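Residue numbers (the working numbering): 1 to 679. Virtual Cβ for every residue (Gly too), placed ideally from N, Cα, C. These numbers were taken from a predicted model, which means no experiment stands behind them. Okay, so here's the structure we're looking at.
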């Protein structure tokens with residue numbers, strides 16, 4: 001179970017036990033197998049009774065035919081016949097008894113499983129309701145106009161809700177312990193009876209629920225550093241590691257410091273649980289899982305999604321399912337259509353309920369812990385798991401990975417498609433709506449979501465060094481597109497992210513990074529790709545008019561801080577700018593439709609990002625792939641004027657205008673091609 005505000009480990013600690021572990025121990029049993037074994041004994045008993053009757057009939061017939069004058073009965077009086085007769089008689093009585101006893105065990109286990117599952121379902125529904133109420137209270141606490149008294153009242157209310165959660169967990173724990181004890185008592189009685197009937201009950205091992213739940217292994221609490229989490233993992237025994245992977249608690253796959261391979265195994269298991277939970281309920285009602293997945297991918301509603309309670313599901317189950325379908329689609333998309341030669345893909349992060357149901361996930365192509373070249377790509381506005389960024393026409397990670405293998409085949413490459421933050425939303429198809437309602441720009445026009453996302457990005461990227469094989473050199477590049485580039489800049493400048501190089505493409509501004517020096521790359525470079533026809537790349541401040549001036553002038557609908565900071569493609573920022581023009585563009589002025597072509601196969605931008613990601617950024621100069629920065633247009637007077645009497649010197653005057661010019665703007669169109677891919 002995944003909750004946003006209530007800590008499951010804390011509930012277990014305060015309740016004095018783990019109700020989920022007790023339920024898992026009961027559900028581990030297989031009453032069907034025990035019942036099948038019981039049926040086998042019943043059938044064997046019937047066969048033995050029939051054999052005994054036939055044997056006795058044959059004895060009587062033979063005895064009647066024997067004249068008794070020749071001494072002892074040659075068959076019936078033999079020791080072997082006597083033993084067989086006694087054995088058949090005993091077995092015909094005992095085998096059905098054993099079958100009946102096993103049937104009782106199977107029935108008791110099935111009843112215990114049903115009761116335990118009901119208790120856990122009730123508990124989880126209670127906790128979900130309390131968690132939602134806490135979330136509403138937390139949202140109210142964020143109101144800057146809240147009085148101190150109201151804030152204290154909200155804090156007390158949240159505490160009371162947390163106490164309710166602990167009480168509910170304790171109550172469920174008590175009920176589950178009673179269920180488990182009742183079943184255990186019946187099982188012990190049955191095992192004694194089975195031994196008395198001459199049956200070894202040890203065969204039940206493996207199909208019965210364990211006598212007591214296996215001790216749950218406590219996970220590191222939230223906020224644990226990647227280094228400490230990695231040390232914790234390395235202290236576990238192989239059996240403990242196997243148990244955790246088998247149990248796959250959802251939090252485990254998202255802990256920074258856990259090896260990438262383990263995270264992938266756990267997250268895919270959790271994702272598959274989310275798929276099976278809903279599809280099993282659907283199949284019981286005659287619905288097709290394939291049709292259900294089709295509804296998700298086509299964003300169609302249906303009765304199950306609209307009324308999950310009718311199917312024994314919750315709204316959270318539906319959210320998890322829908323984002324699981326889209327995440328799974330992303331995993332399969334990245335693996336590729338060739339089933340014999342799939343790309344090596346793993347699900348490095350997975351939280352389908354994050355960010356109000358928009359979801360959080362990260363898919364790796366290649367082994368992050370062994371790769372010599374690692375690139376992390378961060379998307380921008382309107383990107384989310386729910387929105388389909390992991391698969392819906394986006395080949396960003398695939399194209400960069402495939403090109404990196406060709407550019408540097410001697411070194412292992414990994415690309416991490418990181419949809420790990422809450423990206424803003426904006427309707428670029430109808431930007432004019434923001435003129436009528438400027439508040440529509442609030443998410444995309446302010447840096448708050450970039451700063452929050454930068455903190456999470458920095459934690460994740462820095463953890464890669466913790467789990468990476470120390471014997472293998474590693475070159476890490478972080479690439480941000482659009483608002484994702486602002487997030488990357490804030491991760492470096494504000495949250496201490498460490499990498500070798502940074503790449504900003506289509507950047508609307510670098511917020512807290514006022515120059516390349518603020519990235520603290522220690523020998524690395526900040527690279528910038530900005531198509532001259534990409535309108536978003538012109539949003540950043542260039543030293544002339546700050547975006548916030550217009551915001552303040554119309555009453556600050558975006559709050560007191562608008563704009564995303566400096567344009568890194570502008571002169572003076574200190575970045576290295578590479579060619580990134582869009583081939584075949586029809587834009588006479590910068591517009592939004594040239595904002596999403598940086599990862600196109602054969603493009604200048606993808607070629608240059610591949611060189612950087614594989615550690616060969618120095619090649620760009622010799623390949624003539626570097627271009628000057630944007631700069632302010634200047635009006636200058638001549639230094640002299642020619643006359644019939646000779647040259648007359650004039651005072652030189654240079655006037656800086658508020659107009660920024662891009663030296664790429666007047667490139668001949670036939671010089672921008674799509675033949676830059678590595679073969």
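(message) Measuring only the C-alpha atoms, how far is residue 319 from residue 296?
(response) Numbered from 1 along the chain shown, position 319 holds the residue referred to as residue 319. Numbered from 1 along the chain shown, position 296 holds the residue referred to as residue 296. When rounded, the distance between both Cα atoms is 10 Å.
(message) Please report the distance separating the alpha-carbon of residue 12 from that of residue 488.
(response) Within the chain shown, residue 12 is the residue found at index 12, counting from 1. Within the chain shown, residue 488 is the residue found at index 488, counting from 1. Their Cα atoms are separated by approximately 37 Å.
(request) Per DSSP, which residues does residue 418 bridge with? Please list them. (result) As a first step, residue 418 is located in the chain shown; it is residue number 418 there, counting from the start. Per DSSP, 362.
(message) Please identify the residue among 472, 293, 506, 252 whose C-alpha is closest to the C-alpha of residue 378.
(response) The residue you call residue 378 lines up with position 378 of the chain shown. Of the candidates 472, 293, 506, 252, the one whose C-alpha sits nearest the C-alpha of residue 378 is 506.
(request) Drop a sphere of 10 angstroms on the beta-carbon of residue 538, count the other beta-carbons inside from all chains shown, and report buried for 16 or more, exposed for fewer. (result) Translated into positions along the chain shown, residue 538 becomes position 538. Looking at its Cβ environment, which holds 16 or more other Cβ atoms inside 10 Å, residue 538 is buried.
(message) Taking 8 Å as the limit between beta carbons, can you name the residues of its chain near residue 277, skipping five residues before and five after?
(response) Taking the first residue of the chain shown as 1, we reach residue 277 at position 277. Hits under 8 Å: 313, 317, 320, 321.
(request) Within its chain, find whatever has a CB closer than 7 Å to the CB of residue 468; leave out the 5 residues flanking it on each side and keep chain order. (result) Here the question's residue 468 lines up with position 468 in the chain shown. A distance below 7 Å between beta-carbons, with the five flanking residues on each side excluded, links residue 468 to the following residues of its chain, in chain order: 369, 474.
(message) Quick check: residue 501 and residue 363, are their CB atoms within less than 8 Å of each other?
(response) Counting from 1 along the chain shown, the entry for residue 501 is found at position 501. Counting from 1 along the chain shown, the entry for residue 363 is found at position 363. No; because the gap between Cβ atoms is not below 8 Å, this pair is not in contact.
(request) Measure the alpha-carbon distance for residue 361 versus residue 270 and round it to whole angstroms. (result) Along the chain shown, one-based indexing puts residue 361 at 361. Along the chain shown, one-based indexing puts residue 270 at 270. If you take the alpha carbons of residue 361 and residue 270, they lie about 12 Å apart.
(message) Can you give me the C-alpha to C-alpha distance between residue 260 and residue 274, rounded to a whole angstrom?
(response) Reading the chain shown from its first residue, position 260 is the one you call residue 260. Reading the chain shown from its first residue, position 274 is the one you call residue 274. Looking at the two C-alpha atoms, the distance is approximately 21 Å.
(request) For the beta strand (DSSP E) containing residue 14, list its first residue and its last residue. (result) Against the chain shown, residue 14 aligns to sequence position 14. Not the beta strand (DSSP E): residue 14 falls in the alpha helix (DSSP H), residues 8–15.
(message) As a quick exercise: from 509, 594, 123, 358, pick the residue whose alpha carbon is nearest that of residue 566.
(response) What you label residue 566 is simply residue 566 of the chain shown in a count that begins at 1. Cα-wise, what sits closest to residue 566 is 509.
(request) Taking the CB atoms as reference points, tell me whether residue 497 and residue 522 lie closer together than 8 Å. (result) Indexing the chain shown from 1 puts residue 497 at position 497. Indexing the chain shown from 1 puts residue 522 at position 522. Contact flag unset, no.
(request) Output yes or no for whether 8 Å exceeds the beta carbon distance between residue 127 and residue 6. (result) Within the chain shown, numbered from 1, the residue matching residue 127 stands at position 127. Within the chain shown, numbered from 1, the residue matching residue 6 stands at position 6. Yes, Cβ-Cβ distance for residue 127 and residue 6 is below 8 Å.
(request) Quick one: grab the DSSP three-state call for residue 504. (result) Looking up residue 504 in the chain shown gives position 504. Strand.
(message) Nearest by alpha-carbon distance to residue 119: which of 108, 581, 602, 178 is it?
(response) The residue labelled residue 119 in the question sits at position 119 within the chain shown. Checking every option, the nearest Cα to that of residue 119 belongs to 178.
(request) Have a look at residue 540 and residue 426 and give me their C-alpha separation to the nearest angstrom. (result) For the purposes of this step, residue 540 is identified with residue 540 of the chain shown, where counting begins at 1. For the purposes of this step, residue 426 is identified with residue 426 of the chain shown, where counting begins at 1. Answer to the nearest angstrom: the Cα atoms are 17 Å apart.
(message) Which residue wins for smallest C-alpha separation from residue 253, given the options 247, 266, 479?
(response) Stepping through the chain shown from its first residue, residue 253 is reached at position 253. It is 266.
(request) Could you name each continuous alpha helix (DSSP H) segment of 4 residues or more that falls completely within the region 300–356, going from the start of the chain to the end? (result) 303–306, 315–335
(request) Just list the beta strand (DSSP E) runs in the region 472–529, keeping only unbroken ones of 3 residues or longer that don't cross its boundaries, in chain order. (result) 475–481, 501–505, 526–529
(request) Could you work out which residue in 220, 481, 301, 10 is closest to residue 235 when comparing CA atoms only? (result) Here the question's residue 235 lines up with position 235 in the chain shown. Checking every option, the nearest Cα to that of residue 235 belongs to 220.
(message) Cutting at 8 Å between CB atoms, please list the residues of its own chain near residue 282, excluding the five before and the five after it.
(response) By one-based count along the chain shown, residue 282 stands at place 282. So the qualifying residues of the chain are 288, 289, 292, 304, 311.
(message) Please classify residue 139 as buried or exposed, where buried requires at least 16 neighbouring CB atoms within 10 angstroms.
(response) Within the chain shown, the letter at position 139 stands for residue 139. Per the 10 Å Cβ criterion, exposed.
(message) For residue 619, which residues in the same chain have their Cβ closer than 7 Å to its Cβ, ignoring the five residues on either side in sequence?
(response) Looking up residue 619 in the chain shown gives position 619. The residues are 611.
(request) Compute the beta-carbon to beta-carbon distance between residue 535 and residue 592, rounded to the nearest angstrom, for a pair I have assumed lies under 8 Å. (result) Numbered from 1 along the chain shown, position 535 holds the residue referred to as residue 535. Numbered from 1 along the chain shown, position 592 holds the residue referred to as residue 592. Their Cβ separation, rounded to whole angstroms, is 5 Å, which keeps residue 535 and residue 592 in contact under 8 Å.
(request) Give the DSSP-derived three-state secondary structure of residue 680 in the structure shown. (result) A question about residue 680 goes unanswered here, because the residues of the chain that appear run from 1 up to 679.
(request) Give the single residue among 386, 335, 343, 380 whose Cα lies nearest to the Cα of residue 353. (result) In the chain shown, the residue the question calls residue 353 occupies position 353. Nearest C-alpha to residue 353: 386.
(message) When you compare the CB positions of residue 423 and residue 395, do they come within less than 8 Å of one another, or not?
(response) Here residue 423 refers to the residue found at position 423 of the chain shown. Here residue 395 refers to the residue found at position 395 of the chain shown. No. Outside cutoff.
(message) For a test of your reading of the model: does the CB of residue 646 fall under 7 Å from any non-hydrogen atom of the ligand SAM? Yes or no.
(response) The ligand content of the structure shown is nil, which means the ligand SAM is not present either.
(message) Quick check on DSSP: helix, strand or coil for residue 164?
(response) Working through the chain shown from its first residue, we reach residue 164 at position 164. The answer is helix: DSSP assigns residue 164 an H, G or I state.
(message) If you measure between the beta carbons of residue 256 and residue 229, is that distance less than 8 Å?
(response) Position 256 of the chain shown, counted from the first residue, corresponds to residue 256. Position 229 of the chain shown, counted from the first residue, corresponds to residue 229. Yes; because the gap between Cβ atoms is below 8 Å, this pair is in contact.
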